[in-house]
Amino acid sequence: MILTRVFPGPPDPIELSWDDSRSRLAELYRPPRADWLRLNLVASVSGSATGSDGTSESITVGADRVLLGVIRGLADAVVVGASSVRAEGYFVPRAAALAVVTRTGELSGHRITSGGPRGPLLILCPAAAAERARTTVGVAEAQIIPVPDADGWLAAADIVGALRANGYASLVSEGGPQLARHLLLGGVVDELCLSTSPTLNGAGVPIFGGTEFDALPLALAQLMVDDASGVYARWRLTAG
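Right, dumping it as structure tokens:
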């Protein structure tokens with residue numbers, strides 16, 4: 001599999017079987033400062049975050065998994081919503097924390113795999129939901145991080161602030177769509193890493209949820225393509 005940076009030019013192909021391919025990709029994706037928050041999402045060409053199986057798995061092709069690992073390796077914590085750990089299933093990363101955001105603390109039916117030589121599992125929730133979160137996650141080593149709330153509503157800035165107060169500066173959120181939208185509209189996102197799967201599909205889950213919002217200006221920082229027709233863009237948020 002060959003992954004080629006086409007913007008900025010000139011074209012720079014990387015063969016993923018090369019011994020130094022991951023280190024080369026890490027340099028291309030390294031955040032410009034320590035306290036950086038990026039969204040890392042995959043969508044079909046028609047803008048759906050899910051495929052025929054109701055998850056992102058069936059629209060993940062080409063080099064996307066490799067880039068997922070590279071981007072996670074550059075983060076202190078991977079931030080996901082409670083609905084994602086129920087629908088998608090998650091392994092706690094080997095080198096980063098997995099931070100699960102929940103307003104209610106209800107994590108029954110989650111598909112989180114923890115334990116072994118992996119990073120910590122963090123649960124971010126209102127203080128009033130802490131006990132429910134600890135009970136329903138069922139993972140003894142999970143760390144509960146209370147987040148200030150207004151009637152159970154967690155502001156994007158408070159979610160990010162709670163993580164950084166606990167030493168997690170570089171963050172990547174993998175959604176789901178509602179959390180991605182919440183972070184974007186909260187003005188805390190620095191960059192959107194968007195993988196576009198070469199797939200057109202019908203009804204699905206819109207990548208940023210089903211509710212319209214005012215346009216946010218972006219600037220293309222990097223564009224890569226692979227030989228399976230996957231497209232990988234880095235978009236910088238140009239306004240707060």
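Those letters in the sequence shown? Residues 1 to 240, per my numbering, in order.
Backbone N, C-alpha and C fix where the C-beta goes; we use that ideal spot for every residue, glycine too.
From a predicted model like this one, the values you see are computed outputs, not experimental measurements.
Secondary structure of residue i, DSSP reduced to three states
{"i": "leucine 28", "result": "helix"}
{"i": "valine 137", "result": "helix"}
{"i": "glycine 240", "result": "Because the pLDDT of glycine 240 is 49, which lies under 50, any placement of that residue in the model is unreliable, and the number read from its coordinates should be weighed accordingly. Correct three-state label for glycine 240: coil."}
{"i": "isoleucine 123", "result": "strand"}
{"i": "serine 44", "result": "strand"}
{"i": "alanine 82", "result": "helix"}
{"i": "isoleucine 112", "result": "strand"}
{"i": "serine 170", "result": "coil"}
Reference residue i, options the options, closest by Cα
{"i": "leucine 171", "options": "Arg33, Met1, Ser197 and Ala140", "result": "Arg33"}
{"i": "valine 45", "options": "Arg236, Val205, Phe7 and Leu237", "result": "Val205"}
{"i": "valine 42", "options": "Ala97, Arg65, Ala82 and Gly210", "result": "Arg65"}
{"i": "glycine 227", "options": "Arg94, Leu16, Phe7 and Pro8", "result": "In the sequence on display, residue 227 carries aspartate and not glycine. Among Arg94, Leu16, Phe7 and Pro8, the Cα nearest to that of aspartate 227 belongs to Leu16."}
{"i": "tyrosine 90", "options": "Ala75, Ala219 and Glu57", "result": "Glu57"}
{"i": "proline 13", "options": "Asp20, Ile2, Asp19 and Phe7", "result": "Ile2"}
{"i": "threonine 60", "options": "Gly81, Thr238 and Val231", "result": "Val231"}
Range covered by the beta strand (DSSP E) that runs through residue i
{"i": "aspartate 149", "result": "Neither: aspartate 149 is in no beta strand (DSSP E) and is coded neither H nor E."}
{"i": "alanine 162", "result": "Alanine 162 -> not in any beta strand (DSSP E); alpha helix (DSSP H) instead, spanning 156–165."}
{"i": "glutamate 15", "result": "12–15"}
{"i": "isoleucine 2", "result": "2–7"}
CB of residue i within 8 Å of CB of residue j, strictly
{"i": "alanine 156", "j": "leucine 183", "result": "yes"}
{"i": "aspartate 35", "j": "arginine 134", "result": "no"}
{"i": "leucine 220", "j": "alanine 233", "result": "yes"}
{"i": "alanine 95", "j": "glycine 116", "result": "no"}
{"i": "phenylalanine 208", "j": "alanine 180", "result": "yes"}
{"i": "aspartate 53", "j": "alanine 169", "result": "no"}
Extent of the continuous alpha helix (DSSP H) to which residue i belongs
{"i": "isoleucine 71", "result": "64–73"}
{"i": "proline 177", "result": "177–185"}
Cβ distance (whole Å) where residue i is taken to contact residue j below 8 Å
{"i": "alanine 130", "j": "isoleucine 144", "result": "5 Å"}
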